[in-house]
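Each remark here refers to the structure printed beneath this line.
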Amino acid sequence: ESYFERILIDLSIFINKTDSCSFIQQLNVDEKLNLAKWFIEEKNRSSFIFDLLKNHVFNQSGVDQQQCQNMIRNLRQSKNLFLQEQALTYIVPWKNDQLISDDDDDITDYD
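For the sequence shown, the UniProt record's numbering gives the first residue as 1, with consecutive numbering after it.
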């Protein structure tokens, strides 16, 4: 099981590369969110999709923040300790319903 999880984590790096999985890059933010939900809820592969969520969903304007907050909450309760740690240390980049610029030090997690 640990080996399988490690392979999934390694594959998750692959799907984040723009030259590797161009079909994912062509999806809009809602489609990426739905893809992530499918992997999490239907396939129980949260660790596979967490980097996609962090890099291409949670930080996008127009994303359904309520759905994202629910996803993060569920990931923080994961039985997978590695995934749980990643989710617990992740800080949502939202402030007043907008993305926070890189130079803003006042990042708040609304979870």
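Ideal Cβ placement from N, Cα and C applies to all residues, glycine included.
What does the alpha-carbon distance come out to for the pair residue i and residue j?
i           : j     : result
residue 112 : Leu52 : As shown, the chain starts at 1 and ends at 111. That puts residue 112 outside it, with no answer to give.
Gln60       : Lys54 : 10 Å
Ser78       : Val63 : 23 Å
Gln69       : Val92 : 8 Å
Leu83       : His56 : 17 Å
Phe48       : Trp94 : 24 Å
If you count every other CB in all the chains shown that lies within 10 Å of the CB of residue i, and 16 or more means buried, which is it?
i     : result
Phe23 : exposed
Asp10 : exposed
Ser46 : buried
Gln66 : exposed
Could you pull the start and end residues of the alpha helix (DSSP H) that residue i belongs to?
i     : result
Asp30 : 29 to 37
Gln66 : 65 to 76
Can you tell me whether residue i is helix, strand or coil according to DSSP?
i     : result
Trp94 : strand
Gln60 : coil
Gln26 : coil
Arg45 : coil
Asn80 : coil
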